[in-house]
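> Under this note's numbering, think of the first position of the sequence shown as 404, with each following residue one higher. Every residue gets a Cβ at the ideal spot worked out from N, C-alpha and C, and that includes glycine.
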Amino acid sequence: MSRTSTFTRPPSMKGAKDALGVLSRPGPHEVRIGDLGLVGLPGTIYTPVEGLGLPAVVLGHDWLQPTSRYVELLRHLATWGFVAAAPNTQRGPLPSTTRFSTDLLTTLDVVCGVRLGDGRISVDARHTALMGHGIGAGAAMLAAARRERLGAVVTLAPSKIAPSNIDAAKVITAPTLHLAAETDSWAPAAGHAEPIAAAGLEAGRPVQLRTLDDAGHLGFCAGRHWSSILFQNKAQPKTRKITRALVTAFLMQHLLDESRASVLTQGDVPGAPLVDPTPDGDENSEG
């Protein structure tokens with residue numbers, strides 16, 4: 404796989420601890436901010452200043468959460484050479500996850516089909532991913548089940564939804580990373596992330612589940628929002644830091660074939676052990 408014109412390989416990393424430090428920090432690229440409203444869809448997009456044939460990821464927000472709470476992650480990915488976008492739709496108390504999944508695919512089609520940044524930025528549709536948090540993770544999975552050419556899927560504290568993202572997990576062919584939150588009282592891993600991941604594994608799909616130590620459901624979000632009271636969550640910089648590193652590494656490996664990222668995609672990582680969610684599996688797997 405050829406690398407993109409703006410992709411800069413991360414430095415050699417001695418181990419998982421070193422890699423967490425490197426990939427949780429911003430990459431080498433300056434960032435541009437865009438508004439998806441210019442193409443008819445409310446939302447935000449972050450890109451490197453320029454580059455052709457870039458990889459792209461589209462993120463689905465959790466219930467009630469504005470996309471502003473994911474700016475830190477989106478911007479971080481852009482500093483490492485990714486186009487990162489998030490539609491700001493289905494924000495009401497009774498969102499349609501089916502419509503949200505369609506919005507995610509529409510956003511992905513837009514970033515792949517439109518020259519961005521005054522024509523200096525383009526996306527290679529072969530190197531794309533979907534990501535989501537909570538119900539947005541469920542919507543991302545519904546969307547991924549409808550998209551054959553997809554390089555990766557990432558979920559953060561995924562919630563079970565209807566239509567079933569457990570059924571979607573059985574047909575998603577792209578490598579999938581699920582990051583569960585250890586102290587999640589809203590969508591506990593045992594009832595959500597674990598059965599979702601187990602469904603994919605039992606169907607023979609390339610699925611990985613990690614549990615982040617001491618993380619709460621909204622630990623992935625930055626900034627303040629009134630819903631933090633509802634979710635009983637405080638700001639968790641440590642959770643966001645390890646998430647930045649793990650997501651960046653996973654996307655680098657599966658969208659860019661970057662072997663140096665594998666130190667964070669194989670085996671246990673400090674603060675984010677691998678979990679085997681299948682009934683006969685051990686609680687933690689050495690990978």
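With DSSP as the reference, identify every bridge partner of Leu441, one or two as the case may be.
The partner list for Leu441 (beta bridge, DSSP) is empty, contrary to what the question assumes.
> Who are the near neighbours of Met655 in its chain, counting only those whose CB is closer than 6 Å to its CB and skipping five residues on each side?
Excluding residues within five positions, the ones whose Cβ falls inside 6 Å are Glu661 and Ala664.
> Below 6 Å CB to CB, which residues in the same chain sit around Ser427 once its five sequence neighbours on both sides are set aside?
Excluding sequence neighbours, Ser427 sits near Lys644, Arg647 and Ala648.
> Determine the direct distance from the alpha carbon of Val425 to that of Ala601, and round the result to whole angstroms.
Their Cα atoms are separated by approximately 31 Å.
> From the DSSP output, which residues share a beta bridge with Met534?
Looking at the DSSP assignment, Met534 forms a beta bridge with Leu462 and Val557.
> Determine the burial state of Gly607: buried for a count of at least 16 other Cβ atoms within 10 Å of its Cβ, exposed for fewer.
By the neighbour-count rule (16 or more Cβ atoms within 10 Å), Gly607 is not buried but exposed.
> Under the DSSP definition of a beta bridge, which residues are partnered with Ala487?
DSSP, once it has assigned bridges, lists Tyr449 and Val460 as partnering Ala487.
> How about the stretch 481 to 495 and the stretch 561 to 579: do they share at least three Cβ pairs that are nearer than 8 Å?
Because the criterion of three Cβ pairs below 8 Å is not met, the stretch 481 to 495 and the stretch 561 to 579 do not touch.
> Look at the alpha carbon of Leu511 and the alpha carbon of His536, and state the distance between them as a whole number of angstroms.
When rounded, the distance between both Cα atoms is 17 Å.
> Between the Cα of Ala584 and the Cα atoms of Leu462, Gln639, Ser504 and Cys515, which residue gives the shortest distance?
It is Gln639 whose Cα lies nearest to the Cα of Ala584.
> Nearest by alpha-carbon distance to Gln669: which of Gly622, Arg613, Glu433 and Val556 is it?
Gln669 has its Cα closest to that of Arg613, out of Gly622, Arg613, Glu433 and Val556.
> Please confirm whether Gly674 and Leu582 have their CB atoms less than 8 Å apart.
No, the Cβ-Cβ distance between Gly674 and Leu582 is not below 8 Å.
> If the criterion is Cβ atoms closer than 8 Å, does the pair Gly539 and Asp587 meet it?
Going by C-beta atoms, Gly539 is not nearer than 8 Å to Asp587.
> Classify Glu433: buried if its beta carbon has 16 or more other beta carbons within 10 angstroms, exposed otherwise.
Classification for Glu433: exposed.
> Leaving aside the five residues before and after Met404 along the sequence, list all residues of the same chain whose C-beta is less than 6 Å from its C-beta, in chain order.
Bear in mind that the predicted position of Met404 carries a pLDDT of just 40, short of 50, making it unreliable; the figure below should be weighed with that in mind. Excluding positions up to five away in sequence, the list reads Asp660.
> Leaving out the 5 sequence neighbours to the left and right, which residues in its chain are closer than 6 Å to His464 when beta-carbon positions are compared?
Thr470 and Gly539.
> Shortest alpha-carbon distance to Gly554 belongs to which of Ala547, Phe653 and Ala532?
Out of Ala547, Phe653 and Ala532, Ala532 has the C-alpha closest to the C-alpha of Gly554.
> DSSP puts Leu480 in a beta bridge; with which residues?
Paired residues: none, contrary to the question.
> For Arg663, name the three-state secondary structure that DSSP assigns.
Helix at Arg663.
> Within a Cβ cutoff of 7 Å, which residues of the same chain sit near Arg412, ignoring the five residues on either side of it in sequence?
Taken in chain order, the residues that qualify are Glu661 and Arg663.
> Quick check: does the Cβ of Ala675 come within less than 7 Å of any heavy atom belonging to the ligand MN?
With respect to the ligand MN, the structure offers nothing, as it holds no ligand at all.
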